[in-house]
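Numbering (my numbering), first residue to last: 6 to 142.
Encoded structure:
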């Protein structure tokens, strides 16, 4: 909620920080360090947080020529697309495949995960992403 409010310009990150003084609020203030206004959806925010907690370098909403904006770029070469329900429509599937193909043509690797992966099985998703990243590290 804080990330959304900051991204929309409804408040600055200083507002919740100022309201969390003292030693007992240290953990709550630490959560504010994870706020990043680059995400386009809650799904991206969740995935970005899981990947960063796993020590992966994450950039949100990166623009790739002839591809457009990708949800996340991990370690500078792994494109991560997080798909909701609308990606099941045939026209969107075709568009997504063309984007994947173009990103691979440019030297990136592209992975797609879905709502259930991010929300219900994030540990499996992160473990698989780490396996892919380990091949190039």
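Positions of the beta carbon are idealized from the N, C-alpha and C atoms, including for glycine.
Under three-state DSSP, which class holds residue 50?
helix
Report the residue from 124, 99, 16 and 20 whose alpha carbon sits nearest the alpha carbon of residue 55.
124
Between residue 67 and the rest of its own chain, which residues show a CB-CB distance below 6 Å, the 5 nearest in sequence each way excluded?
75 and 78
Buried or exposed (CB count within 10 angstroms, at least 16 for buried), residue 98:
exposed
Cβ neighbour criterion (16 or more within 10 Å) applied to residue 21
buried
Between the region 95 to 112 and the region 125 to 136, do three or more beta carbon pairs fall short of 8 Å?
no
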